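Residue numbers (this note's numbering): 3 to 166.
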């Protein structure tokens, strides 16, 4: 559950895309492991912004957590909020590193320069108080729950690549 909370925030903040089931692994302890970080920040597969959910939270994950009203789901929400509040404390360092990378990098995720940094800054929502930031995370979680675009992307990956 901690790995799910951490990756939820990482995927939201860094806009990690191409999160189909072929890029998500589970180890023997049940930890979620993301692989293939080729699309993040300002680029997406095929240059199409098809993945519109803040992060991947399909029905299967929700079922494992006992449903949206379950105790484990409430714990996941609390961990996700704590992760967001923690990462916000380091936002200036993350933004500075991103600015530095935008200057000379040839990586596609940095090609939009200042727009990439500005959009990243916006996702930190630094103008919000902690209670408001927690409320934002509640909204992002609910927006991600069983998101239709996530299901469509997984269906596309199944039919085009054979990935379940």
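A virtual CB, placed ideally from N, CA and C, is assigned to each residue, including glycine.
No experiment lies behind these values; they were computed from the predicted model shown.
Checklist entry - Which stretch, first to last residue, makes up the alpha helix (DSSP H) that contains residue 66? => result By 1-based counting over the chain shown, the position of residue 66 is 64. Per DSSP, residue 66 belongs to the alpha helix (DSSP H) from 61-66.
Next on the checklist: Does chain B have any CB closer than 8 Å to the CB of residue 78?
Outcome noted: This model lacks chain B altogether, as it is built from one protein chain only.
Checklist entry - Just to confirm, are residue 86 and residue 11 a CB contact at a threshold of 8 Å? => result Looking up residue 86 in the chain shown gives position 84. Looking up residue 11 in the chain shown gives position 9. Yes.
Next on the checklist: Nearest by alpha-carbon distance to residue 89: which of 74, 123, 3 and 35 is it?
Outcome noted: For the purposes of this step, residue 89 is taken as residue 87 along the chain shown, with counting starting at 1. Taking only the C-alpha atoms, the option nearest residue 89 is 123.
Checklist entry - If residue 75 sits next to residue 67, beta carbons under 8 Å apart, how far is it from one beta carbon to the other, in whole angstroms? => result By 1-based counting over the chain shown, the position of residue 75 is 73. By 1-based counting over the chain shown, the position of residue 67 is 65. Contact holds; Cβ gap of about 4 Å.
Item to check | Residue from 58, 6 and 130 with nearest C-alpha to residue 17 | outcome: One-based indexing of the chain shown puts residue 17 at position 15. Nearest option by C-alpha distance: 58.
Item to check | Residue closest to residue 8, alpha-carbon to alpha-carbon, out of 46, 43, 77 and 65 | outcome: For the purposes of this step, residue 8 is identified with residue 6 of the chain shown, where counting begins at 1. Looking at the Cα atoms, 77 is the closest of the given residues.
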